[in-house]
Amino acid sequence: MILYHFTHPQRIVPIMQSGITRGDVPVTPSGGFNAPWLTVDPEPSNQKWVSGGGKTGARIEVEIPETQLENLQTWEVVCKEFGVDLWWKKALEETGGGDDSSWYVFRGKVLPAWIVKVDYFY
Numbered sequence: 180m181i182l183y184h185f186t187h188p189q190r191i192v193p194i195m196q197s198g199i200t201r202g203d204v205p206v207t208p209s210g211g212f213n214a215p216w217l218t219v220d221p222e223p224s225n226q227k228w229v230s231g232g233g234k235t236g237a238r239i240e241v242e243i244p245e246t247q248l249e250n251l252q253t254w255e256v257v258c259k260e261f262g263v264d265l266w267w268k269k270a271l272e273e274t275g276g277g278d279d280s281s282w283y284v285f286r287g288k289v290l291p292a293w294i295v296k297v298d299y300f301y
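Residue numbers for the sequence shown follow our numbering, so the first one is 180 and each next one is one higher.
So this is what it looks like as structure tokens:
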């Protein structure tokens with residue numbers, strides 16, 4: 180399965196060495212957990228969650244191996260698992276640039292070997 184992760188260009192070298200290990204998954208306004216976010220949408224301009232800071236300066240194309248798909252959860256599944264309030268879910272989707280079918284959380288480390296391509300946008 181091909182998915183995309185957006186990040187600041189300065190993060191590419193560490194990611195290529197260690198993989199994608201970070202991502203804020205806010206299941207409440209004051210709490211959440213760490214896990215990489217991935218999206219089906221490759222278009223940087225559709226990533227509404229970012230405002231400045233260069234986090235759409237680089238796009239990493241990732242191929243999740245079939246053997247690891249069990250660690251990949253849609254945002255909808257995460258919301259159900261953690262009992263995310265509907266108002267909070269909608270607020271995140273409106274500011275995030277997509278509905279719950281566009282976004283995935285990977286419960287683990289996205290390994291460097293799974294990185295297919297890196298594109299830079301300056």
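Even glycine gets a Cβ: it sits at the ideal position worked out from N, Cα and C.
Select from Gln189, Pro188 and Gly202 the residue whose C-alpha is nearest the C-alpha of Lys288. Within the sequence shown, the letter at position 109 stands for residue 288. The shortest Cα separation from Lys288 among Gln189, Pro188 and Gly202 belongs to Gly202.
Buried/exposed call for Trp266, threshold 16 Cβ in 10 Å: Within the sequence shown, the letter at position 87 stands for residue 266. Trp266 is exposed by the Cβ-count criterion.
How would you call Gly262, buried or exposed, if buried means at least 16 neighbouring beta carbons within 10 angstroms? As a working mapping, residue 262 is identified with position 83 in the sequence shown. With fewer than 16 other Cβ atoms within 10 Å, it is exposed.
If we count the other Cβ atoms within 10 Å of its Cβ and call it buried at 16 or more, is Leu248 buried or exposed? The count along the sequence shown starts at 1 and reaches residue 248 at position 69. Exposed is the call here.
Can you say whether Phe212 is buried or exposed, counting buried as having 16 or more other CB atoms within 10 angstroms of its CB? As a first step, residue 212 is located in the sequence shown; it is residue number 33 there, counting from the start. When all chains shown are included, Phe212 counts as exposed.
In the DSSP output, what is Asp220 paired with across the bridge? Position 41 of the sequence shown, counted from the start, is the residue given in the question as residue 220. Answer is none; Asp220 lacks a bridge partner.
Nearest to Pro215 (by Cα), restricted to the options Glu273, Lys296, Val257 and Thr274: The sequence position of residue 215 within the sequence shown is 36, counting from 1. Measuring from the Cα of Pro215, the nearest candidate turns out to be Val257.
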